[in-house]
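Notes follow once the structure below has been shown.
Numbering (full-length UniProt numbering), first residue to last: 1 to 257.
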């Protein structure tokens, strides 16, 4: 893991999300927040009041959720101290109350997954965990030589179990999980949820009409045993290539799915 100095100001971009309601400083190169984080935030239940964003990066998903749900507090968990510092800056520069509602914890998911893990975030205290795990199984994808990008993008599908164990430990009974991942990881996702979560919902996301799904939005409830359900797909662009109404509603207007 890199532990160097924070990026210089000219190495950062200032990017607007949710129609300008969320502005994020992020590195100009390497892993960058985008549509996945906004879709994840849109898929989360709006009645949650204590959310934890695991692998938060610069805070995109957690802060987007907090913008939509002004009654909620959010804990942004990030392993890299430099990226975590950017997440803290991003929280502080939003609405006046966001700095009070959002806090940042530097922690390793592997440690949080252990029964006797760190005291922060507190175990069994969250009613929502947001999760955008690293997508690329290094057994199937070339790993980036950029260390922070590799940290954000690459983990074996088998490593999903660790992320789901961490989510289970942090959630109160009946707490809810929202995650986004690749369709190819569905087998690993369902295996990791089994015995820990139920009432699983799976919503495919397609980049265009007729195109294969490129993402899955998955929801689950800790301790439930209700069978899984496949939900209506999201399609992000129309036949003309322009953003669909769903894309405009979720990505620009910041509404819930």
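For every residue, glycine included, the Cβ atom is placed at its ideal position computed from N, Cα and C.
Asked	Found
Output the distance between the C-alpha atoms of residue 87 and residue 57, rounded to the nearest integer angstrom.	7 angstroms
Identify whether residue 90 lies in helix, strand or coil by the three-state DSSP scheme.	helix
Hey, would you say residue 235 sits closer than 8 angstroms to residue 209, going by beta carbons?	yes
Is residue 248 helix, strand or coil by DSSP?	helix
Report yes or no: do the segment 41-59 and the segment 122-135 share at least 3 C-beta pairs separated by less than 8 angstroms?	yes
For residue 177 and residue 80, I'd like the C-alpha separation in whole angstroms.	23 angstroms
Rounded to whole angstroms, what's the CA-CA distance from residue 65 to residue 38? Just pull it up for me.	8 angstroms
So residue 24 and residue 60 are supposed to be a Cβ contact under 8 angstroms. How far apart are they, rounded?	6 angstroms
Run the CB neighbour count on residue 83, radius 10 Å, all protein chains shown included, and call it buried at 16 or more, exposed below.	buried
Answer yes or no: do residue 113 and residue 196 have a C-beta to C-beta separation smaller than 8 angstroms?	no
Helix, strand or coil, according to DSSP, for residue 67 in the structure here?	helix
Count the other CB atoms within 10 Å of the CB of residue 100; is the residue buried (16 or more) or exposed (fewer)?	exposed
Assuming residue 107 contacts residue 74 under a Cβ cut-off of 8 angstroms, what Cβ separation, rounded to an integer in Å, is found between them?	So it is not a contact: roughly 15 angstroms between Cβ atoms.
Taking the alpha-carbon positions, what's the residue 202 to residue 194 distance?	14 angstroms
For residue 214, collect the residues of the same chain with a Cβ closer than 8 angstroms to its Cβ; drop the 5 residues on either side in sequence, then sort them by chain order.	182, 183, 205, 206, 207
Just to confirm, are residue 180 and residue 40 a CB contact at a threshold of 8 angstroms?	yes
Which first and last residues belong to the beta strand (DSSP E) in which residue 198 is found?	197-206
Tell me the DSSP bridge mates of residue 194?	In DSSP, residue 194 forms no bridge with anything.
Going by other Cβ atoms of all chains shown within 10 Å of its Cβ, with 16 needed for buried, is residue 70 buried or exposed?	exposed
Which term fits residue 127, buried or exposed, when burial requires 16 or more other beta carbons within 10 angstroms of its beta carbon?	buried
Can you look up residue 35 in the DSSP assignment and give me helix, strand or coil?	helix
Would you identify the three-state DSSP class for residue 73, choosing helix, strand or coil?	strand
If the criterion is Cβ atoms closer than 8 angstroms, does the pair residue 221 and residue 174 meet it?	yes
Spatial neighbours of residue 45 within its chain, please: CB distance less than 6 angstroms, with the 5 preceding and 5 following residues excluded, ordered by chain position.	176
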